[in-house]
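**Student:** What follows is a structure written as structure tokens; I'll ask about it next.
Numbering (the UniProt record's numbering), first residue to last: 1 to 596.
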């Protein structure tokens with residue numbers, strides 16, 4: 001077994017995680033559904049869900065299958081969900097009597113938040129599944145899928161409002177004793193000592209240890225962290241603890257930020273605070289992870305990545321779904337099983353573990369641990385391009401190692417970045433890529449075979465003019481399932497199986513031109529991680545802001561960073577580290593001599 005432990009830190013990170021685990025839950029359900037697409041029914045032959053999940057049982061002996069997850073958020077962030085999850089309903093025992101206290105004791109409790117229509121329907125389904133033999137109670141009423149979809153579109157407040165996953169009691173951690181409005185938990189300094197205060201660090205580490213110690217052979221940590229406030233500092237402290245406790249276990253870190261987090265450029269004070277935060281946050285987090293993937297475009301609604309989507313930037317429920325789809329897709333190789341030539345070649349190819357992915361992207365000519373994540377959502381239908389190629393191929397880690405090729409083609413042309421502040425069309429001879437295509441459709445909207453997808457991608461790479469060193473290709477027949485609580489973000493050109501329609505039908509919800517889970521059941525996706533000089537603007541902006549705002553004489557943020565607990569020596573160390581990252585990508589950079 002090659003387990004992965006997932007960590008989610010912060011409000012938006014947990015929105016992303018909620019969608020991510022909904023995808024996994026939907027895959028598990030479709031595998032047992034005799035009426036589902038064969039691509040879903042067969043996915044368990046090559047996708048090992050035990051990599052992400054653990055088996056267990058409740059105190060009543062009921063078997064459970066829950067994510068190997070530690071989720072961290074503010075007190076009160078769980079909405080109507082108990083911090084012990086929904087399977088283990090017993091509350092932790094606590095006594096209201098303190099032996100050393102002889103005075104009166106008062107208990108103050110908050111009211112129970114009412115479940116929305118989606119959560120009510122889940123509860124009633126679970127009630128029926130566990131064996132209600134007397135029929136439906138008077139309180140049990142039919143809730144239509146259409147009502148559920150509309151309710152979620154208009155009423156999601158918490159990430160638990162649309163979560164269909166059961167969680168283990170060790171998974172959900174709230175920062176007790178930290179009574180702060182989420183809108184005020186918005187700067188690096190406010191989260192600086194949260195991990196070390198009280199016993200929070202020990203409590204979080206103990207929960208993490210629960211999942212790691214029962215693992216046979218953990219392959220890595222998948223870390224999703226808010227990068228827009230105090231959670232960034234908390235994530236850095238937690239990562240530092242993980243590096244100390246698990247020095248040989250790699251961490252892949254996705255830093256996420258919702259489009260709604262944007263500072264008005266006219267607000268000088270907030271702009272300075274935001275820019276110095278971004279510089280310090282990235283510097284610390286990148287130094288503690290083997291691979292860091294920044295995610296968070298200023299606007300998804302206007303981005304090329306969402307050409308066929310209708311995103312409302314003000315809704316984290318919308319934007320988080322796109323980032324979750326990308327993280328799910330790019331991580332599929334981590335759980336691919338190699339079960340023999342027949343199964344692997346028929347349903348999937350290109351298995352790769354976490355360390356293999358990191359070595360592929362960061363272990364080449366330069367030690368660069370920052371990657372750009374691109375996505376085509378949905379991926380285009382395979383073109384009729386001739387698949388006979390003379391390209392020389394080598395096999396790499398059970399996948400395809402494509403040498404000297406990468407040009408705009410069907411898949412490659414449609415891949416767009418979810419990483420902000422990058423350069424377009426950069427020619428970088430040291431570029432390295434890891435690409436995943438799953439659920440691709442062929443002509444006639446049939447599910448393309450692994451060989452068809454591989455040949456089509458190879459043909460695109462062969463016609464390349466811009467040439468990376470190599471690209472690892474992973475493919476799978478299973479598309480991205482669209483669960484009921486997925487937001488209605490598809491444009492009317494996206495069909496039921498993710499095909500692009502020339503004459504689209506009107507969506508089933510007449511009040512909107514967008515489509516959701518009632519209209520779109522699955523989509524093909526292409527995702528790509530790349531180590532490229534295209535990330536230089538992102539790095540240079542943080543390097544320049546660190547020096548200009550925090551270090552140089554008269555720097556406008558010098559007092560602010562001191563209040564956050566950073567001295568000048570520490571900031572200069574960060575500056576040197578960022579300079580080396582820039583110089584590794586561009587030896588001609590003005591920072592190269594500074595880092596020698």
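Cβ coordinates follow ideal geometry from the N, Cα and C atoms, glycine included.
Since the structure is predicted, the reported quantities are computational estimates derived from the model, not experimental observations.
Quick check: what's the CA-CA separation for residue 396 versus residue 350?
**Tutor:** Its pLDDT being 36, under 50, residue 396 is placed unreliably by the model, and the measurement read from it follows with that caveat. Taking the straight line from one Cα to the other gives about 8 Å.
**Student:** Please name the residue or residues paired with residue 643 in a DSSP beta bridge.
**Tutor:** Any property of residue 643 remains undetermined from this structure, which presents the chain solely from 1 to 596.
**Student:** Using 8 Å as the Cβ pair cut-off and three pairs as the minimum, do the region 319-339 and the region 254-261 touch?
**Tutor:** yes
**Student:** Classify residue 309: buried if its beta carbon has 16 or more other beta carbons within 10 angstroms, exposed otherwise.
**Tutor:** Residue 309 sits buried, since 16 or more C-beta atoms from the chains shown fall within 10 Å of its C-beta.
**Student:** Is the beta carbon of residue 4 closer than 7 Å to that of residue 219?
**Tutor:** yes
**Student:** Report the residue ranges of all alpha helix (DSSP H) runs contained in full by the region 267-327; include only those spanning at least 4 residues, in chain order.
**Tutor:** 268-287
**Student:** Pairs of beta-carbons, one from the region 518-534 and one from the region 558-569, closer than 8 Å: are there three or more?
**Tutor:** In short, these stretches do not touch, since the Cβ pair count stays below three.
**Student:** Determine the DSSP secondary structure at residue 221, reduced to helix, strand or coil.
**Tutor:** strand
**Student:** Can you tell me which of 412, 494, 501 puts its alpha carbon nearest to the alpha carbon of residue 460?
**Tutor:** 412
**Student:** Short of 6 Å in beta carbon distance, which residues of its chain neighbour residue 329, apart from the five on each side in sequence? Order them along the chain.
**Tutor:** 436, 525, 527
**Student:** Our contact map puts residue 369 next to residue 291 with C-beta atoms below 8 Å; I'd like the distance itself, whole angstroms only.
**Tutor:** Rounded, the Cβ-Cβ distance is 5 Å, consistent with contact.
**Student:** Let me know if residue 272 comes out buried or exposed under the rule of 16 or more other beta-carbons within 10 Å of its beta-carbon.
**Tutor:** Under this definition residue 272 is a buried residue.
**Student:** Counting pairs of beta carbons, one from the region 534-548 and one from the region 274-282, are three or more of them closer than 8 Å?
**Tutor:** yes
**Student:** Rounded to whole angstroms, what's the CA-CA distance from residue 453 to residue 181? Just pull it up for me.
**Tutor:** 48 Å
**Student:** Could you pull out every residue in the same chain whose Cβ sits closer than 7 Å to the Cβ of residue 93, ignoring the five residues on either side in sequence?
**Tutor:** Reliability of the predicted coordinates at residue 93 is poor, the pLDDT of 41 falling under 50, and no value is obtained from them.
**Student:** Inspect the beta-carbon positions of residue 79 and residue 563 and report whether they are closer than 7 Å.
**Tutor:** no
**Student:** Might you give, ordered along the chain, the residues of its own chain that have their beta carbon closer than 6 Å to the beta carbon of residue 501, omitting 5 neighbours on each side?
**Tutor:** 493, 495
**Student:** With contact counted as at least three CB pairs below 8 Å, one residue from each stretch, are the region 38-57 and the region 183-201 in contact?
**Tutor:** No contact exists between the region 38-57 and the region 183-201.
**Student:** In the DSSP assignment, the beta strand (DSSP E) including residue 56 goes from what residue to what residue?
**Tutor:** 53-57
**Student:** Rounded to a whole number of angstroms, what is the C-alpha to C-alpha distance between residue 236 and residue 504?
**Tutor:** 47 Å
**Student:** Please go through the same chain and pick out, in chain order, the residues whose beta-carbon is closer than 6 Å to the beta-carbon of residue 91, but skip the five residues on each side of it.
**Tutor:** Confidence is the limiting factor: at residue 91 the pLDDT is only 45, short of 50, which leaves the residue's position unreliable, though a coordinate-based value still follows. No residues qualify anywhere along the chain.
**Student:** So if DSSP puts residue 6 in a beta bridge, which residue, or which two residues, is it bridged to?
**Tutor:** 69, 222
**Student:** Can you say whether residue 552 is buried or exposed, counting buried as having 16 or more other CB atoms within 10 angstroms of its CB?
**Tutor:** exposed
**Student:** How is the beta strand (DSSP E) around residue 526 delimited, first residue to last?
**Tutor:** 525-531
**Student:** Below 8 Å, can you find three or more Cβ-Cβ pairs linking the region 237-251 to the region 151-167?
**Tutor:** no
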